[in-house]
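For reference, the structure is listed below as structure tokens.
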Amino acid sequence: MEILTQLRQAVVPGGLRSLDVQFARFLHHSGGCRDARVLLLAALTSFELGRGNVCLPLSSVTDLIEGLPPEAADRLRPWLARDGLDACSADGVVLGCGEAETPLVLDRERLYLYRYWRFECDLAAFLLQRCEPVPLQRDPVRNSLARLFPVTGDEPDWQQVAAAVAVSRRFAVISGGPGTGKTTTVIKLLALHIEQQLADGRRPRIRLAAPTGKAAARMAESIAAARGRLELAPEVAAQIPDEASTLHRLLGVVPGSRRFRHDSANPLHLDLLVVDEASMVDLPLMARLMAALPEHARLILIGDRDQLASVEAGSVLGDICSWSGELRYGVAQSEYLQEVCALNAAALADAGAPPIADALAQLRTSYRFGADSGIGRLARAVNAGDVSGSARVWAGGFGDVVWHRLGEGHYQALIDRCVAGYRDYLASLAAGQSPATVLGAFGRFQLLSALRQGRYGVSGLNERIERGLADAGLIRPAGVWYPGRPVIVTRNDRALELFNGDIGIAMPNADGELRVWFDQGGAPRPVLPSRMPEHETVYAMTVHKSQGSEFDQVLLLLPPEDAPVLTRELLYTGITRARKGFELYAREAQLKQMITRRTERASGLAARLWGGK
1 MEILTQLRQA
11 VVPGGLRSLD
21 VQFARFLHHS
31 GGCRDARVLL
41 LAALTSFELG
51 RGNVCLPLSS
61 VTDLIEGLPP
71 EAADRLRPWL
81 ARDGLDACSA
91 DGVVLGCGEA
101 ETPLVLDRER
111 LYLYRYWRFE
121 CDLAAFLLQR
131 CEPVPLQRDP
141 VRNSLARLFP
151 VTGDEPDWQQ
161 VAAAVAVSRR
171 FAVISGGPGT
181 GKTTTVIKLL
191 ALHIEQQLAD
201 GRRPRIRLAA
211 PTGKAAARMA
221 ESIAAARGRL
231 ELAPEVAAQI
241 PDEASTLHRL
251 LGVVPGSRRF
261 RHDSANPLHL
271 DLLVVDEASM
281 VDLPLMARLM
291 AALPEHARLI
301 LIGDRDQLAS
311 VEAGSVLGDI
321 CSWSGELRYG
331 VAQSEYLQEV
341 CALNAAALAD
351 AGAPPIADAL
361 AQLRTSYRFG
371 ADSGIGRLAR
381 AVNAGDVSGS
391 ARVWAGGFGD
401 VVWHRLGEGH
411 YQALIDRCVA
421 GYRDYLASLA
431 AGQSPATVLG
441 AFGRFQLLSA
451 LRQGRYGVSG
461 LNERIERGLA
471 DAGLIRPAGV
481 WYPGRPVIVT
491 RNDRALELFN
501 GDIGIAMPNA
511 DGELRVWFDQ
521 GGAPRPVLPS
531 RMPEHETVYA
541 MTVHKSQGSE
551 FDQVLLLLPP
561 EDAPVLTREL
571 LYTGITRARK
581 GFELYAREAQ
591 LKQMITRRTE
601 RASGLAARLW
611 GGK
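Sequential numbering from 1 applies to the sequence shown in the UniProt record's numbering.
Here you go:
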């Protein structure tokens with residue numbers, strides 16, 4: 001067919017992928033589809049899925065094609081005018097409405113691959129079912145909340161509100177930026193839940209999980225530290241888990257398949273699951289997680305709705321938390337919160353709030369960044385899309401934020417800055433200090449990039465920094481492996497208990513033999529270089545890979561040329577990885593554009609949860 005020829009010729013850099021065309025060919029040859037418009041839409045739906053969009057809104061097709069490189073757009077544009085794309089109708093074989101398992105599903109003017117339509121529908125149904133209120137005795141809840149969250153002022157305690165919300169539902173989300181006390185809220189919420197269960201004669205089975213190994217390790221460490229700061233009854237403290245696992249490990253990966261050991265037919269053995277860094281969880285994984293939960297179990301998602309969405313398709317946390325302005329609750333939930341938290345119900349109530357709103361909580365006060373913190377002010381300005389506000393921060397003389405306006409000389413200056421920044425951990429290594437000390441020193445400084453490839457991507461930056469460190473005599477890269485080489489795991493290895501995002505450093509052991517040391521819960525563990533799973537050098541890492549991590553000093557390099565990944569969420573995520581200092585290398589025009597450009601992923605989940613089209 002002519003359309004298949006045109007689709008093949010639209011496979012150019014930045015255009016369609018071969019995979020997209022193969023999908024259209026499959027529908028033609030195996031599905032018997034002869035409708036050129038359907039084949040075009042099939043290829044575009046596959047293309048959009050590759051860009052993280054769950055579906056293809058029919059209203060966006062023209063803009064999508066016009067946004068392709070000219071050589072691709074010119075091939076596809078003529079097909080837009082042929083009888084109109086809205087003339088496509090379900091044939092029940094290739095294109096359906098969800099009543100049968102057809103490759104494509106058209107629902108509410110959105111076109112899906114069947115799997116992703118099923119994931120979205122199942123997830124929405126699960127959430128709406130579990131956000132209904134559960135029976136509870138309010139007096140004990142009020143007393144426990146008052147004890148766990150003592151009054152410290154006239155302002156509402158949003159951590160207390162979050163705990164009250166979470167205990168009232170089988171599903172809840174606690175969203176908050178850096179330093180808003182998410183871990184403190186979780187540990188007190190767990191104590192509240194455990195107290196309730198013990199009072200009823202039950203010992204709850206609680207599990208902690210996160211999308212990556214590094215995020216899981218940080219979660220376990222944070223929970224352990226927070227538990228140590230609280231005066232909890234021994235029987236309560238004993239029920240709080242010491243460990244957190246990755247979601248894949250929790251569900252049980254079946255090698256060589258997309259299946260997990262735990263699903264609706266073999267649910268997880270738990271009563272309460274807390275998932276941290278939930279913004280990193282994509283739609284398929286979240287849907288499978290929900291399916292594996294027992295009917296009675298509670299699920300609490302923790303994250304920052306303003307961070308980058310998952311690498312794979314969907315923006316689940318953002319879709320769930322897609323309120324605008326101030327979060328409002330239904331009348332009944334507002335009255336409950338007034339009773340157990342002594343809040344002004346009228347200020348929180350909205351008679352038109354959908355049920356999902358009653359399961360959400362927003363932590364609004366940052367305790368990490370004080371009034372004199374440029375990092376905190378910059379993060380807030382960027383998150384609000386406030387270009388002039390961010391400019392005032394840069395000009396405000398704050399000691400913890402620096403903007404280098406990118407020019408020709410700044411690239412080498414950045415490399416030199418990184419050589420200086422990584423000197424400390426290499427000096428620690430040269431002094432023969434322990435692996436734990438070296439790993440800790442490495443974690444104090446990190447270069448982030450928006451891109452993977454090229455001079456301004458992590459591949460080019462890692463090469464240049466490695467060369468700079470060698471020229472300075474700080475490393476001796478005689479081969480692939482050398483003392484001091486930092487690496488990041490890029491593929492899970494359950495046998496070695498190494499997971500995507502784990503960072504290790506090559507160092508000699510007591511016998512002088514080179515090993516790659518990973519910090520797992522404060523106890524570094526050596527791995528033979530020859531046994532390492534897929535990995536890459538990590539003097540520079542992408543902002544996406546940095547999610548779930550924090551560093552004392554962060555440098556962020558933005559490329560001089562525009563790219564689709566340069567969004568407000570990426571900039572905000574990069575800024576909020578920094579604890580003490582943030583340096584940005586970027587052109588002014590690029591920075592302004594990023595602050596005003598939001599990540600918009602096509603999905604129908606928000607509409608299913610919040611109403612609307």
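Cβ coordinates follow ideal geometry from the N, Cα and C atoms, glycine included.
### Query
Is P486 helix, strand or coil when you go by DSSP?
strand
### Query
Which term fits D83, buried or exposed, when burial requires 16 or more other beta carbons within 10 angstroms of its beta carbon?
With a pLDDT of only 49 at D83, under 50, the local geometry of the prediction cannot be trusted, and no value is derived from it.
### Query
Can the beta-carbon of A342 be found closer than 8 Å to that of Y329?
no
### Message
By alpha-carbon positions, which one of V12, P13, F26, L16 ends up nearest to M1?
### Response
F26
### Query
Got a sec, what are the start and stop residues for the beta strand (DSSP E) L270 sits in?
It is not in any beta strand (DSSP E) - L270 carries neither H nor E in the DSSP assignment.
### Message
Comparing C-alpha positions only, which one of Q129, G504, R364, L461 sits nearest to P559?
### Response
L461
### Message
Can you tell me whether H193 is helix, strand or coil according to DSSP?
### Response
helix
### Task
Round the Cβ separation of E502 and G213 to the nearest angstrom and send it over; I've been treating them as touching at under 8 Å.
Checking the sequence shown, residue 502 turns out to be Asp, not Glu. Contact flag correct, Cβ pair sits at about 5 Å.
### Task
List the endpoints of the continuous alpha helix (DSSP H) containing T537.
T537 -> not in any alpha helix (DSSP H); beta strand (DSSP E) instead, spanning 535-537.
### Query
Which whole-angstrom value describes the C-beta separation of E120 and S59, a residue pair presumed to lie in contact below a C-beta threshold of 8 Å?
Going by Cβ atoms, the distance from E120 to S59 rounds to 18 Å, so no, they are not a contact pair.
### Query
When DSSP labels each residue in this structure, what does R597 get in the three-state scheme?
coil
### Query
Would you say K188 and A163 are within 8 Å of each other, going by their C-beta atoms?
yes
#### Entry: Sequence-distant residues of its chain with Cβ nearer than 7 Å to Q433 (five each side left out)
none
#### Entry: Buried versus exposed call for C97 [16 or more other C-beta atoms within 10 Å across all chains shown]
exposed
### Message
Less than 8 Å between the C-beta atoms of L584 and W323, yes or no?
### Response
no
### Query
Under a Cβ-count criterion, where at least 16 other Cβ atoms within 10 Å of its own Cβ denotes burial, should S390 be classed as buried or exposed?
buried
#### Entry: E569 to D304 span [Cα, whole Å]
11 Å
### Own chain, CB closer than 6 Å to L317, minus 5 neighbours either side, in chain order
A278, S279, G303, R305
### Query
Can you name, in chain order, every residue of its own chain whose Cβ lies under 6 Å from the Cβ of R258, other than the five neighbours on each side?
none
#### Entry: Whole runs of the beta strand (DSSP E) within the segment 220-279, excluding any shorter than 3 residues
272-275
### Task
Under 8 Å by Cβ, that's how I've got V543 and G574 pegged, so tell me the actual separation to the nearest angstrom.
5 Å
### Query
Between the beta-carbon of I415 and the beta-carbon of R464, is there less than 8 Å?
yes
### Task
Indicate whether the contact test is met: 3 or more Cβ pairs, each with one atom in the segment 597-611 and one in the segment 481-499, closer than 8 Å.
no
### Task
Can you tell me which of the three DSSP states A361 falls into?
strand
### Query
Of the choices P234, V236, I206, whose alpha-carbon is the least far from that of L250?
I206
### Message
Am I right that L123 and A357 are in contact with their C-beta atoms under 8 Å? What's the rounded C-beta distance?
### Response
Not really, about 17 Å apart at Cβ, beyond 8 Å.
#### Entry: A607 to P234 span [Cα, whole Å]
45 Å
### Message
Quick check: what's the CA-CA separation for G468 versus D424?
### Response
15 Å
### Query
What runs of the alpha helix (DSSP H), each 4 residues or longer, lie entirely inside the segment 502-571?
543-546
#### Entry: Of the residues A220, V393, L451, Q362, the one placed nearest C321, counting alpha carbons only
Q362
### Query
Taking only runs of the alpha helix (DSSP H) that begin and end inside the segment 306-343, which ones reach a length of at least 4 residues, in chain order?
316-320, 331-341
### Message
Please report the distance separating the alpha-carbon of A384 from that of L299.
### Response
29 Å
### Message
The beta strand (DSSP E) that contains W403, what's its start and end?
### Response
401-405
### Task
Taking all protein chains shown into account, decide if T576 is buried (16 or more other Cβ within 10 angstroms of its Cβ) or exposed.
buried
### Message
Relative to the C-alpha of S373, which candidate in L451, Y539, G179, G454 has its C-alpha closest?
### Response
G179
### Query
What residue ranges within the segment 146-203 form continuous beta strand (DSSP E) runs of no fewer than 3 residues, ordered along the chain?
171-176
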